[in-house]
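**Q** To start, I am sharing the structure in question, which I have written as structure tokens.
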Amino acid sequence: HLPGLAQGVLGWSDGRASVRFQLPVGTRAVRRFDALQFRTSINPDYDVNQAFQFQDLSVVLVDGSGHRASVAASDVGNDALAYPSGLRRFYGHVILQQLRFPLSSFTGVDLGDVRSVQIRFDRTMAGAIDVADLNFSAGAS
């Protein structure tokens with residue numbers, strides 16, 4: 001057991017991979033929030049990441065009518081997914097940084113009835129990232 005933040009490692013090997021989180025009844029009205037955010041980092045332990053200066057992904061919100069809105073991490077600033085410059089061999093800790101998606105960017109979905117959040121790995125063909133603390137938040141980042 002290692003101390004520290006609980007996190008998941010998400011990896012993909014083609015542009016069709018995704019992970020979906022269903023919102024339970026009673027939590028689907030997210031319009032009072034300003035953003036969807038999570039903490040993330042490219043995982044330099046995986047050689048697949050060395051082919052990319054930045055990883056990129058899309059976040060998709062799906063409402064109760066089936067409408068979808070997708071926003072790319074590169075559209076909101078994917079600095080958290082940058083490969084550490086000058087790194088040749090990894091020894092140490094991965095530091096997770098916040099990746100924030102303003103809800104105003106998700107047009108065409110009913111923010112009063114969001115049924116799922118999807119992270120789609122459709123912007124780079126392969127990679128591995130660490131992810132923690134996916135949440136809707138209010139106020140400044």
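In this note's numbering, the protein residues as written are 1 to 141. Glycine is no exception: its CB is placed at the ideal position from the N, C-alpha and C atoms. All of these numbers come straight from a predicted model, not from anything done at the bench.
1) Check the C-beta distance from Arg123 over to Ser58 and give it rounded, since I have them as a contact under 8 Å.
2) Helix, strand or coil for Ala126, going by three-state DSSP, please let me know.
3) Grab me the residues of Asp75's own chain with a C-beta within less than 8 Å of its C-beta, minus the 5 sequence neighbours each way, in chain order.
4) Would DSSP call Asn135 helix, strand or coil?
5) Using the Cβ count rule (16 or more neighbours within 10 Å means buried), how would you classify Asp79?
6) At which residues does the alpha helix (DSSP H) containing Ser74 begin and terminate?
**A** Working from what's here:
1) Rounded to whole angstroms, the Cβ separation of Arg123 and Ser58 is 6 Å, and the two are in contact under 8 Å.
2) Look at Ala126 here: in three-state DSSP terms it is coil, with no helix or strand label.
3) Counting only Cβ-Cβ distances below 8 Å, and skipping sequence neighbours, we find Ser105.
4) Looking at Asn135 - three-state DSSP - the assignment turns out to be strand.
5) It is exposed - the Cβ of Asp79 has fewer than 16 other Cβ atoms within 10 Å.
6) From DSSP, the alpha helix (DSSP H) with Ser74 extends over 73–76.
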